[in-house]
Structure formats: structure tokens, C-alpha cells
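Protein chains: 8
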Amino acid sequence: MDVSLKQVLQAVSEGALSPSEAYDSLKGYEDLGYVKIDHHRTKRKGFPEVIYGEGKTTEQMIGIFTHLIEKHDTVLATRIDGEKGQAVMEAIPDVRYDLVSRTLLYRKTEQKPLHSRPIGILCAGTTDLPVAEEAAITARAMGNEVKRFYDVGVAGIHRLFDQLEDIKSCSVLIVIAGMEGALPSVVGGLVNQPIIAVPTSVGYGANFQGLAPLLTMLNSCASGVSVVNIDNGFGAAYSASLINRVGLEEGE
Amino acid sequence: MDVSLKQVLQAVSEGALSPSEAYDSLKGYEDLGYVKIDHHRTKRKGFPEVIYGEGKTTEQMIGIFTHLIEKHDTVLATRIDGEKGQAVMEAIPDVRYDLVSRTLLYRKTEQKPLHSRPIGILCAGTTDLPVAEEAAITARAMGNEVKRFYDVGVAGIHRLFDQLEDIKSCSVLIVIAGMEGALPSVVGGLVNQPIIAVPTSVGYGANFQGLAPLLTMLNSCASGVSVVNIDNGFGAAYSASLINRVGLEEGE
Amino acid sequence: MDVSLKQVLQAVSEGALSPSEAYDSLKGYEDLGYVKIDHHRTKRKGFPEVIYGEGKTTEQMIGIFTHLIEKHDTVLATRIDGEKGQAVMEAIPDVRYDLVSRTLLYRKTEQKPLHSRPIGILCAGTTDLPVAEEAAITARAMGNEVKRFYDVGVAGIHRLFDQLEDIKSCSVLIVIAGMEGALPSVVGGLVNQPIIAVPTSVGYGANFQGLAPLLTMLNSCASGVSVVNIDNGFGAAYSASLINRVGLEEGE
Amino acid sequence: MDVSLKQVLQAVSEGALSPSEAYDSLKGYEDLGYVKIDHHRTKRKGFPEVIYGEGKTTEQMIGIFTHLIEKHDTVLATRIDGEKGQAVMEAIPDVRYDLVSRTLLYRKTEQKPLHSRPIGILCAGTTDLPVAEEAAITARAMGNEVKRFYDVGVAGIHRLFDQLEDIKSCSVLIVIAGMEGALPSVVGGLVNQPIIAVPTSVGYGANFQGLAPLLTMLNSCASGVSVVNIDNGFGAAYSASLINRVGLEEGE
Amino acid sequence: MDVSLKQVLQAVSEGALSPSEAYDSLKGYEDLGYVKIDHHRTKRKGFPEVIYGEGKTTEQMIGIFTHLIEKHDTVLATRIDGEKGQAVMEAIPDVRYDLVSRTLLYRKTEQKPLHSRPIGILCAGTTDLPVAEEAAITARAMGNEVKRFYDVGVAGIHRLFDQLEDIKSCSVLIVIAGMEGALPSVVGGLVNQPIIAVPTSVGYGANFQGLAPLLTMLNSCASGVSVVNIDNGFGAAYSASLINRVGLEEGE
Amino acid sequence: MDVSLKQVLQAVSEGALSPSEAYDSLKGYEDLGYVKIDHHRTKRKGFPEVIYGEGKTTEQMIGIFTHLIEKHDTVLATRIDGEKGQAVMEAIPDVRYDLVSRTLLYRKTEQKPLHSRPIGILCAGTTDLPVAEEAAITARAMGNEVKRFYDVGVAGIHRLFDQLEDIKSCSVLIVIAGMEGALPSVVGGLVNQPIIAVPTSVGYGANFQGLAPLLTMLNSCASGVSVVNIDNGFGAAYSASLINRVGLEEGE
Amino acid sequence: MDVSLKQVLQAVSEGALSPSEAYDSLKGYEDLGYVKIDHHRTKRKGFPEVIYGEGKTTEQMIGIFTHLIEKHDTVLATRIDGEKGQAVMEAIPDVRYDLVSRTLLYRKTEQKPLHSRPIGILCAGTTDLPVAEEAAITARAMGNEVKRFYDVGVAGIHRLFDQLEDIKSCSVLIVIAGMEGALPSVVGGLVNQPIIAVPTSVGYGANFQGLAPLLTMLNSCASGVSVVNIDNGFGAAYSASLINRVGLEEGE
Amino acid sequence: MDVSLKQVLQAVSEGALSPSEAYDSLKGYEDLGYVKIDHHRTKRKGFPEVIYGEGKTTEQMIGIFTHLIEKHDTVLATRIDGEKGQAVMEAIPDVRYDLVSRTLLYRKTEQKPLHSRPIGILCAGTTDLPVAEEAAITARAMGNEVKRFYDVGVAGIHRLFDQLEDIKSCSVLIVIAGMEGALPSVVGGLVNQPIIAVPTSVGYGANFQGLAPLLTMLNSCASGVSVVNIDNGFGAAYSASLINRVGLEEGE
């Protein structure tokens, strides 16, 4: 922020900018230079534009997509039901709808992952798949390689152990579970990666729409576990991508 | 119940009992023969008389103990704080106070376990010890052999695997955990014994005094897990003892 | 686990197994011999393969069933709605759909119960029937005899007393109740069997979808009561079967 | 209300009251005659003046008592701890402090109960005694005969049956229980009296300071049960007294 | 209970009953004479047979009604939706369906109220009407006169004051409110009748399906208020009828 | 109130009113003059008659509207779904239905705002629009000018800063947010106007239908924030209008 | 904000400010002129500096007070216990401690209220006094006149009616209640002022530390009621003062 | 894991290890080579041994510390009250107790941070300091540089903006807030670092011991925010350290 502010002031002082031109570029917060820098950075890092689809009509979705793909290489929309997804896909040829994750994705060119190490996505049961795939698609759209470790719930813990070395090769783990949500604790006791835990609303009775696994994960006795909202696969992938980028930046 | 009722009626019919004598023995529910039978059974099976100590004064405790040990071979009291426990122990020499489990126990003679297979008691961390020991002392007082597997929480899951064969030799398992309470799910995925899960109020923040592990255990994805109240080591041991007795009776 | 590990090592030492063969059989957890043993045991004991039907399509159900009945004598599916159940039944002739319990069951041959004593299933009202029947069908599929004591709620407590002797002949009791969920406490005060209590979501207003009877059962003043999740008839029957097997094993 | 308003207007019309005198007697609500009538009625029916003691100092209590006993035959204070109670008793000789119910009571003359039938007070366990006695003392202070049926919890249900005829002789029942709070449901299934249920905060863990029995009682499957606040023995007795008075008035 | 037991024993003693006949009449609880007496009493007092309609099919409803009206003068069913109600009314001519209260009622002959004083039913808003009418129809079916005071919520409190004298002429009051549920407190501060408060699930947001008015009513600062479950108009009327009968019995 | 009471009494005293005429005009509370005065005031201040549409049929809505527009210049109805709104609009030409806010509004003549300063309405995201527009239409119908500041959520806080001066020109602010509901705290830290905060039920998972933003707003660390019920745009505008009128009255 | 930004730019353009001086005055947010303006306004309006005392030591309190009274005419501290309050009062002579409201107040000179109309403070019972007095002292310190209407709870509603005219003379009302919290609804039905409702944690059992009155107030059926946090007398007074100032500004 | 298993098998095959020696090194999970590797890694990375102090006696603390500092370069203990901390510090000279964070720390040699970029710790108010300092000390003990940004709560948001550039220079942010917990949302809208949010139990009333900020943070509308348990400064720092290490590893 400060740099561009100083530059603007210098330009005003030197007459290169009129006070009124300077005012236009400084007015509000956005134009203090700060957001533009960010804008550039976002582009370079492969961050997609993301649309939250819940409550938007098919027409609105098509309009927004048409608008965004003119300016962005990657556009992602989440929480899109099948009918709406199909309609958008038909209207805009290069957009792909994924039924399981309920996402729409546009990529101008297929990009190579920016990071040398993948994000691992673990889920406890097959019913957690929609959340897991929302995370996977988001993570890939944000420039990460993804490794999937599905159906490794604690009720058959040997399935987890079988893949432990592979899991350990990831830089950060997204661990998704419904029911009682014990998986992040077990994984956290076995590995040294940062873990983003995602409770899902899968379950019945005293699961209370995901409250049970949410509390489980918040109380995890294993260190290195932090938690996002119930069913929030997108948010977990976003956090994991920021974490993976910490590596990227350090490595630059 | 029916047998003794028939016998009483027969006796009245035969004049062996007057209607008024019969009335005395039948009036209310207790004297319908049913409770007495139970009484005998209780004795034979080594079931203790149990006192819930919370809210009783030292004087009351001494009075009740003095009264009960005249008629019973085993008397157990739970939820006794240190001061009260010490005072009772001094007043009645044969009573033993245990500081960790906060129990008082009187046994006329040391008894051999009635069952051929032990009850296994697992707990996640050292802070769960008071609950675990309340369970252990109760189970032993009810005529069971007890095997302890402490500090086998999921944060260091190899400790659990090390003792798995030993755990599998038990007839029924009491699995105790605070924090997020994931242990019963993990154990339930590895063994085929019935599991009584006990959430403890150990933890902080969103643990909400044991609510988090309680919900975890009720939602366990592993089959064969049932749950008792928070911190209720006594209740878990009582259930486990009844289960162990199922084996005993079947084996008779 | 240890036994087979020792045997493998001995075989390697003796050259009977190459290190690479040994590695194959030891890698991961599953192949440490432990799961296979379990597999055999499961078969011998009459344990069914169980499918959780919620969220699976008719096609998936038919596929899974076709696959499983090739290898297993008993296959059970729970939480199947009428339409799906009908379709599976028509596609695979030997599978039976039960509308009340919402289960699908395949049994190669009708089997005699493995246990000498039945599991008793009590429920408070007729609205608890679906949960009770899910428990009954599961318990039978797992090799138990079942005795039903339905509509014995505390609002007309004499109905319970009428059947008390019969109830006492069971080895373990599943007690199901909605509304305020008082039945397990009352039964627990009258019998000496282990009780698995099941709260149901039957009720309205401050029942809060089963929370009220769940809390009631967890706080039961009667000893020997443990609790499973709301509406979880399957889980209760699974626990009860494991308990009944304690008797079986003791009696072997 | 209307009567006295009409009378006032008539008096104004006749010049017996000046408009300003009429205004004084009509302004506000209290002086519309209505409250005074009530005042007389209260006195005649033996209703005590009641002080809620929580948060009042010893000096305040003595002051209030001294003031009230000049004008009232019966004065009751609830929620008084031992020290404060002792102090008030010493300061005002005719006031009696009761340690169990934590009440202070002043009665000018011992009065005969106004009602022909007693209020029955049942409680589940001895730990419910303070609430039960608060109810008992309040009910007596309000002119009712009281019958106590203590320690008749559902864990030993025969104790309840033994006293059933006696219980049925009461006009209205106050049923008090902590833990899971099942007693009102059981009693409600056996009798035809109106029942005021009182949950107590006795219990631990998932009792949640009385929430569990509160929900139990609100969801009671037995008809004729209504509920007051947790530990509110006073409120239950007040309601029961109003109910008993319905009988009195009908019988007048 | 004791009386008939004594009589039976006397009869056995005198040979008037064989032990086996006596056994038949004593076995279980129901036949101890106690329930039959109750049966008679119920009839005499005009108590209806009540069916809880939720979850019962039209065919079941018609079957049950046909069966019950053969033996009873009054049959009531609650929680019946419009379609089902219409169908039953067409199948059984003398049954009347009421759309607002969602009840079905059969009365052999129109009966005069048994009580000299009416039950008052107050509700806060027009949306509370279904609950109020369920209470009104139940109260009338149980032999009470009913006075309705609808739409007297605290937002326009003068409507309440206008009818205060009329309200005070009732023996017992049912006060129904959703939203914040303040009406019972206000009424309780103005009258001396016992009040049964009914929270309704009317409202939105932090009303939480009736939890808000439920808590309001349980915490009422006015004495003499007890509470039934959310939306439970039937239960309130049942309690009020029992209370009105206290007057009846006293007056007999 | 007092004035007209005094006048009535004077008139009676002078014979200008008979006692019975006076009684008619004073009976109940409404006619004590007090409500009429209010009535006049309401009219003068431009307060609309408001109908809560939830649960009312199209016919009822048309009837009520027809009735009210005869006597009132402004009539507002909230919580009207599209179909019903369309029908009313067709039946009564001068009524306007607004789809976003789900309101129906009738205004006899377009009125100039009564207040010199506008009410500001801020909302965090586009999904909060229905609540924001319900507030806006209500505020305008009550005689206020409205300024809208939409989509100024904390995730892009510069959008808020851009409009800060404009926001500060309002007399009172309605700040609406779902998700985590942080906006009122941020706004409250920047301005000196009274803020009415409205939590919305927008969000998922641990949002718990608006509970999360509700708690956020109640705990706001910024002073000057008070809160209305979840999604209650109408209530917020009503409060804001009363506040704006404080200025009006002071300025008169 | 924009004004001063424009002025700064103009000054730079004109050479009156060097770019570096301009940078210093613009960097960060505080120095954009905006906060300073606010600072002046605060002073002129008589707003106190407020210290939240919870968790601060006596030494810290004395230090902060000493520091603040040098620069401000009015300094207020809330949530100060008796011992700490006494100590500060002794250390700094002009500071006054108030035991009921638990506040410390320093005023350089006694000021006349800035507003022509008072803030009314109503509370339901005497136990709400500490919250009411915290509100009263805050409101006065912020330059308002205060009228107290204490102990006007709905259990004796005539006390409220007696003072209605006086209540209506206030510009804004703070209405405080514990227990069930019905008072704001009742008041809101009678007056046309904006109401700030304050739930208090006074009560027991299902009051749940103020949750019950909080929900009551949020669901108030009376319009014009907004709510602050439990026991937050300070926050209510702050909101009320901002509202009263709306009048002041309009009137200027 | 597989590598060392293969090596062990090879050694057995070659007779370099006896089966029994091999068994000893393979038995359980720990000795499968996996934990040892981890052990080394832990050391190299500067990870401390951490003791949870709650519930441990002074003697136990001294014993554990004495034992651990023989083998480890860094030993950390959390949740230590002042008295216990003082005692340990006196018993073991090189251990430092920090009163604010309630931690004990032993470091053999002062170490340079392993990472090139610091962890930023932001907190909203001074009452959040204990949690912030627990995080800071943990992060430093785990080999990170720490930058503190305290007292930057949203009520005075300019304080946050002033330090934004500095905040953006950190690799990962820990954002701590009590009350309504809005800070992480605001920060998350301004920066691109991964954020670990920590709710604190600071607040009163409807804060419900940290539940309010916990829900706020889980529902954050800003992406990149994940949450740990209430008051869990240690857990946040542990997660942040793992994240910072992602950078380290990538950069190696």
C-alpha cells in the first residue's frame, strides 16, 4: 500500500498527476494500489474466480460465467445442482459440470500444478464423497496436485495404514468425516503435516447435522488439526492451497 | 413371580396360610416373592451393595456402612472425596478407601472372580484415570477379573496396537475417553467384543463438559458400541458385569 | 497379530518364505493375518454382511447384493425405502424386503439360532415399531432368537408386568422408546439383564427429534443401561448380538 | 372491575363524589377496586406473603419479616441459607427456619387445613428432598394438608405400588425427580389426579443441571402432567394449592 | 388394590375360588381389580377414548373408530389432516371432523357439562388457533364447558383487560402463546386460577420451533403457572379437565 | 389517558354524560381515550397498518386489504409469497407487490418523507437482499427516506470504506448480515449512529439457521449496536423509524 | 474522509506539503483526518471515556484513571467490584464509586443534560437493579436525563399502568428483565418509543443464565424492541444515548 | 515404514537378525522403524517436548521436567498456574516461567529461528493476551520467529490497517478474538495468508464461554480461515508451525 501511495504523492508533487486524478486513484480503499497488486498476484498464482451458486438462477449463472471467462483463465462455481449445471454446460461449451462435487469449472488451458508436493484428501466413507470432491476440484483449480485417499474411516483402520507412506508424501492434508468424525484425530496421531479437518453432515440422530463431528474435530487430542465449517470442502481446499503456497513462496 | 404366587394361593386353599398371612406376604410388589429370589441371586453372584456418596455426610456414610456390612459380604460406595473417605476408613477398619477412584470398598473375604474371562478397561489419557478406576473397582467388586489398558489414546495409536491381542482376550470392553472421544470408534473397528463407551468431562472449550465425546460415541461408525453417561465409570462397569454374567449363565 | 508375525519371521529365517514374499504378506495392516482370521470367524458365527442403504441408488443396491450373495450366506441392508426395496426384491428373487423395518435380507439357508437364549426387544408404543423391527431382523440375521414385547410403555405399566417372567428369560434386552423415553429406566429397575436402550425420534415439540429420550436414557437411575444413537435399531441389535455371543463363547 | 366503575360513575353523577375524588380512585389500575377485593380474598383463603430470599441480606430479611408479620397471619420465605435462617430465627422468635427446605415460616396461629383432601408430594430419591420439602412447607402454609411419598423412584418401582391407594386419596400430586425424571410418567399412567411435575438439578454429566428431566417431563406420554421450572418446589406447591382451591370453591 | 386382593384371598380360603381361578384373576397387574374400577370411573365421568392420529392410515382410523364407538359414548382423535378427516367422516356418519383443530369427534348423545364452572382458553394470536381449538374440543369432549378468549396477546393488552371479569369466572385457564410467550405471565399476574401454559411453535428465527415461549413459560415470574409440551393443546385440556374434576369431586 | 378520563368525569358530574354513556366510553382499556389519541398520532405520522402474511390465504389477504384501504392511507403486508402477491395485486389495482422483499404495499398518495435525515440500510451480501428490502420498504412506508448500501461485507472491506461518508449522513443504520455476522461490529467501530443489527439465516453448517450471526451481534464489541430477531427486516425498520421519529419530535 | 484527502492532495500539488509530510499524515487509517474529527465531536457531545474493569488490577485502574482525567471531562469505568472501587476512590479523590451499579465515575464539572427529553429505565424486579443502575449511570454520564421506573414487572402489572404517562414522556426506553423477560413485550404494546431490551441472568433452572429472557425479547411480538447482550446495562445506555442524540441533532 | 520392514526381513533372511530379535524390533507399531525416524526428525526440526500441565502436581511437574531435559533441547509445559510455575522454576534453574501465557519453557541453547518468515499473532483485545502469549511462546519454542499485533480488534479498525504491510510479511497468521470474534473475518478479507483462528472465552452473557466467537469463526465469509478449540493458543501455534515448515521443506 505504502509504496504506491508514496508514488502517487510524488507524482502529484511533480505535477505528473493532478490532485483530482490522484483523488480518483486513491479514493476509497480499493484504489490505494493495494487491491491491484493483489489482482496481479492472484492471476499469476492461478487462483480462480469463485462463484457461490446457492440461490442463483440458471440465467444468472450463465451471465456471470460468460462475463468472467472473458477476463479470467480459471472460473469455478460451487453448490450447483444437476439441472442448473447441465444448463450452464450446454450454454457455455468450455465449462465442465461435475455431478459429484456439484461444481462448474472453466479452465482456459490445462495448467501444470504450481507446487511440487500434492494436497492429500482423505475421507472416512463414500457418503463424504461430495465434500471430498468439492475440495479436490477446488484444490486443483487453485493450482495444486491432489492425491485422493477415500473410504479410509476408522471402522476399518488398516485401510488407512496401507496408504500411510503415500499420505505422508503430501504437503498438507484435508481430512473429511461425518458420523463421529474421529478420522482427523487418528491421522493427526500418525503424521506431521498440517491437517484441515472438515466435518460433514452425514449421519443421523445425535449427529445433529454435523454438530457431533464438528465438536469432535475441535477437541482433537492430536496437534496440528484445525477445522472449517460443516460440509465446507471448498473452504478446506482454499486453506490448504494457501498453506501449499507458503511452501511455494519460501521456495522461490 | 408366578410360581410363588401360585404356591401362596395353593397354601391358602389348603389352609396352610391364613388369608391375612397370605396378604402380608403378597401386599405390595416386593413381597410377591419376586424380590426375594433376586436377593438370593444377588448374593450368590457376588453383587455388592452400592452407595452413591455425593451429598451424604461422613456420619451418614459411617452409619450406612456399619449397617450394611452386617448383612452383606461386599459393600461399595462411589463419589467419596478424600476427607470423607479417610474418616470412614478410620471409623470402620475393614473398609478401604481408594483416592484415585474415590471409592470405599468393604469385602468380607477376598473372592475369586466368578467369570473365566476378564473385563478390559481402556482409557485414552491419564486424566481419565479416576473414571477408569471407578470402573475397575466396581467391576472387581462385582466378581470380575479386570485387565487395564491405560493411556492408549488415538494420538499415539501404536500403543493400542501393541496390546491388541491382550485386549481381544477380554469378554467385554469398557472404553473411556475425554477430549474428542474417538477411542471407542477405533477400538470398535479392531475387535469383536461388546464395548461400553464412557465419555469423560476431561477437556476444555468446545468439549462442553463431556458433550463432545458423548456425541462422538453415540455416533460411532463402529458397530457394537453403546454408551453410558459422562464420567459414569460405575455404570459402565455395572453394564459390563451384567454382560459378563450372560456368559456365566450360558456356561452353567 | 503377534503369533502370525512370529510365524512369518520364523519362515523367513528358515527360508520357507523369501523376504519379498514375507513383505507382501506383512505390508499394510490387513495382511498381518489378523483380518483373515476375523473373516473366518465372522462367517462361522453367522454374521451377515451389512449395507447401509441411505443414499445408494437402486442400481447400486442390486449390484452390491448380486456381488455379496455370491460369497456370503447372509446379506442384510438397512434404511431402504419401499420403492427401492421392491425393485431389489424383483431383481434378485431370494432377497426379502420388509416394509416396516425398511430392510432387505438374503439368507442362503434358514439357520437355527446359535444361542440358547433369546434377545428380548421391548418398545413403548406402536410408532416405535420401525426401529424395533430393524433391531429384530438384524438380531435374527446375526443368529439370535428374538422375543418381541411391543407396546409396553409406562403409560399403561400393567402391560409390562404381565410379561415380566417372559422378559426375564431373555439374555439381553433392547428397550426402545420415544416421547420421554422412560421405559428403559422402569425395565432396568425390574430385571437383571444388560439393557441396550434406543431413543426414537417419535414425539413432537420439546422432544427435539429424539434428544429428550436420549438424555433420559443416558441419565437412567437404573443400573445396567447403556445407550445407542437415536433410531439406531441396527446398532442396538449388533451390540446385543455381541453380548449374546459372550454367553456362547463362555459356554463353548 | 366493571361493577366498581359503574358505582363510581353513579356516585359522580349523583354528586356523592367530586370528579377529582373519582379521578383519584380511578387513576392507574390498582385503585379500580379490583386489587382490593383480591387482597381480601387472599387473606380469607390463608395465602401467605412470600419472600424470595436469594440475594437479600440478613438485615433486609429481618426488616421485611418484622414489617410483614404485623399485617399478615402467615409469612413465608424461600431460598434462605442456614446462616441467614439462623439469624432471622434468633431475631424474630416466632419465625421457624427449616434447614432441609431452606425456608423461614411465620404463622400467627396454627391453622386447620382449608381443604378436605390432601396434596400428595412424591419424590424419586433422597437427594430430591430439599425441593420436596420446599413444596411441602409451601403447600401447608397455603392451607393444605400434605402427604409425603418419598424415595419412590422407578429404579425400585414396588415402593411406589405399595403406596398407590394412599396416593390416590390425594386431590392433586406434586411429583419430583432428578436424574432422568421418569417418575411423573409412571405415576401418570397409574392415577387420575392432576400432576405437577418438578425436575430437579440432581444428577451429573448429561443431566445438564436438570435439562434432562425437564425434557422428559414435558414429553411425558402420560396425560395430565404439567411441568414447572427446575427445582421449583415453591411454584409446584403454589399451582397445586390453586388446584386444590378449585375443589374448595366448587364445594362451597 | 389391597381390598380386592384381600377379598380374593378370603374367597380362596373359603373355597369360593379355586387357586387357579384366583391366579387367573391376580396374574399380571391389570386384573388385580384396579384397572377395572378405573374403567368404570372413566365411563361415568365422560372421559373419551382418545386416538393419536399422527402416522395412522385412513383405513386404520376408520377401523379403530368403528371398533371404539361400539363400546364408548365419546371417541376423540387428534392430529388428523384434512384429507384423512374427510374420509373418516364420510365412512362413519356420526363422526364430525373439525378442520381448525384437526380433530375427529364422535359423541353418542350431546352431553351437558359435568362441571358448574367453565375452563377458560386464552390465546395470544390467530395463528395459535389450531392449538387453542384442539384444547377446546378436548375439554368439551371430557365434559367441561369452555369459554374462549382469543387474540388477547400482550401486544394489545387492553383486549385482555376488557374480558378480565369473564376470565375470572372460569375455574382453570389454558393460556396459549407463540412468539415470545409472555401471555401466561401477564394473565398469571392478574388472576388467581391455576394456569396451564401451552407454548406454540408459531414464530420464526430465534423462536426455535417453540423453544423460546417454552422457556418463557417455565421461567414465569407469576405463580400458579405450569407448562405442557409445545403445541400440546390436547395435553393442556386433559390436565385442565382433571383439575376441574377436583372441584367436582370435592363438591360431590 | 388522564386528560380524557378527567373530561369524562367532569361531563358526568355536569350531567352532560349519563353514567351509562360514560361507562360505555370507559369500559375496557381501549376506550379510556388513550388508544384513540394514539390512533390519530399514527395517522399523522404516516404509520402504515401492517399485516403479517404468513399463514393467511389469498382470499383473506384480499379481504383484509379491501377493508383497510378504506380507512388508511398506507397499508403494508409482509411475508407474502409470489403467487399470493400476484393474486392480491390483480384483485386490488393500487396495491404493489415486491418480489424481492415479499411485501405488498398500498399508498393512497405518494408521500414526502417526514424526516430530514435518511435511514441507512447496509447488508453484507446479495443473499441478504430479501431481508434488506423488507426493511427498506417498511422504512419508506413509515415515512422515512432510505439509503441502501448493499454488498459491503467484511470479506471486501474497502467497499464499505468507499461509502463511509455517505453512511455517516444517515440518522440511524440497519446493518444486516448472515454467515458469521461480523458487519455490525465493523460498522459500529467506524460510525456514531445507533445501529439495529439483523442476523439472517443465510449460511450453512454451523451457521445453525442464523444462530451464529445472532450470537455475534449480541456480543458485538462495538457500542451502540442492538439486535432484532433473525431475518426480521420489518422489525429492524420499525425500530429505526421510531428512532428517526425521536429526532422529528425533538425538532418540532 | 474524502474532504481531507482532497485537501491534502491539493496542498501537495501546491507545494504546501511535501510528499513525505503528506505520506505521514495519510499513512494508516487513523490519520486520514477522520478520527480526529470524531474526537472533537465526542468531546462536544459529552461522551465519556469508558473502561471495562473486568480483569484489570487496582493499580492498573488507578493508572488509567489518572491518565484519562487529565485529558477528559468525564471518565467512566464499569464492572468494578467493591474492593477495587474503594481503592480507586481513595487514591483519586474526585472519582465516585457506586456499589449497586459497580461503576466508577469521574466528572470534571457537573453537566446539564444535553437533551430535552429523558431516557426512561424500567426494570421488572429488584434483582435487576445492578443492571438498571449501570444503565442509569452510563446514560447520565453520556449527557442524558434519566427517569427510573423500577419494580414494574408483569406479575403486578398495575404498577406499570400507574406510571404510564410518565413513561411516555421519555424519548427512548431501556427495559430490563430477568426470569422470563416478558416486560419489554408488554411495554412495547403500550407505548410508541423505541425500546432497548436487556435480558438479565436473574433466575434459576431453565432460565439458563439469561438465555430464556434473551429469546423472549428477540421474539417479542411488540414492534420497536431491539435487544442487547445479557446483563449489558452499559450497552443499552450507550445505544439509548445515540438514539437520544438523533433528536438532538435533528433539533439543532 | 516399508523400507525398514524390508531391511529387517532381509536381515532375518540373511541370518543377521534372529526371528526373535526381529520380532522385538517389529512388535507393535512403534518399532516398525516409523516412529524412530520421526523422533530424529522432531529433534532436527527443533520441536519441543510438550507437557499439558492441567491436573499435574508440582512434584510431578518437577519430576517430568528433570527427566525430559536430560534428553531434549527444548521442553515446554502449558496451563501452569503461578504457584506451580514458581516452584518448578526454583527447583530447576534453567526453566523459565511466564506468568501471562502460563507456560514453563526450557531451552538448552537459544536457537535461531528455522524459518525465514515469521508467524504473525494478532489479537483483538488485551484480555486475549494469555491465549496470544501461549501461542507466541509455543511458536518460538517450535523454531519460528514471531511477530505480535495485539489489540487490533474491529472496534477500532484503523489500528489494524496501520500494521497491514507488516502483517502481510508473515507466512501464516494466528488471529485470536473473544466477544463476537469478528477479527479473523476482517483480516481474512485483507490478506492472502492462511489464518488459524482462535476463539477465546472472553466475554459475558450470550458469549456462552466462547461459543459465540467459535461459531463466528467457523462461519467466516472470508476464505482461508480454519479454526481451533476455544482458548487453544498452543494448538494454533502447533498448526501454524507445521504450516511454516511446509515452506521450509519446499525451500530445502
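Protein chains in written order, with the working numbering: chain A, 1 to 252; chain S, 1 to 252; chain H, 1 to 252; chain L, 1 to 252; chain V, 1 to 252; chain Z, 1 to 252; chain U, 1 to 252; chain C, 1 to 252. Glycine included, every Cβ here is placed at the ideal spot set by N, Cα and C. Keep in mind the model is a prediction, meaning the values are calculated, not measured.
For Glu110 of chain U, no beta strand (DSSP E) run applies, since DSSP gives it neither H nor E. Secondary structure at Ile69 of chain Z: helix, using DSSP grouped into helix, strand and coil. Per DSSP, reduced to three states, the secondary structure at Arg140 of chain Z is helical.
At least one C-beta of chain C is nearer than 8 Å to the C-beta of Ser13 of chain H.
Distances from the alpha-carbon of Met179 of chain H to those of H:Gly189, H:Gly188, H:Asp231 and H:Ile167 put H:Asp231 closest. For Asp166 of chain C, the uninterrupted alpha helix (DSSP H) segment begins and ends at Leu164 to Lys168. Close partners of Leu190 of chain A in chain S (Cβ separation under 7 Å): Ile157. Annotation for Gly120 of chain L: the continuous beta strand (DSSP E) segment containing it runs Ile119 to Cys123.
The beta carbon of Ser185 of chain Z sits closer than 8 Å to some beta carbon of chain C. Rounded to whole angstroms, Pro213 of chain L and Leu190 of chain H show a C-alpha spacing of 21 Å. Here Thr103 of chain C is buried. Its C-beta has 16 or more other C-beta atoms within 10 Å. Of the candidates C:Glu14, C:Pro194, C:Leu105 and C:Ala139, C:Leu105 places its Cα closest to the Cα of His72 of chain C. Assignment of Ser226 of chain Z by DSSP, reduced to helix, strand and coil, places it in the strand class. Contact check for Ile64 of chain H against Ile51 of chain H passes: the beta carbons are separated by less than 8 Å. Chain-ordered listing is empty here: chain L has no CB closer than 7 Å to the CB of Leu211 of chain Z, the nearest sitting near 18 Å. Residue V:Val131 holds the alpha-carbon nearest to the alpha-carbon of Val202 of chain V among V:Gln86, V:Val186, V:Val131 and V:Ala87.
Distance from Ser185 of chain Z to Val154 of chain C at the Cβ level is roughly 5 Å; contact confirmed, criterion being Cβ atoms closer than 8 Å. With a threshold of 16 other beta carbon atoms within 10 Å, Thr216 of chain S meets it and is buried. Among the residues facing chain L, Leu76 of chain Z is not included, as its CB has no counterpart in that chain under 8 Å away. For Val172 of chain Z against Leu160 of chain Z, the beta-carbon gap comes to about 17 Å, at or over 8 Å, which does not count as contact. Cβ proximity to chain A below 7 Å picks out Gly205 and Ala206 from the stretch 205-230 of chain Z.
Around Asn244 of chain V, the beta-carbon contacts reaching into chain L at under 8 Å are Val246. By the neighbour-count criterion, in which a residue is buried when 16 or more other Cβ atoms sit within 10 angstroms of its Cβ, Leu99 of chain A is exposed. Rounded to whole angstroms, Gln193 of chain H and Cys170 of chain H show a C-alpha spacing of 8 Å.
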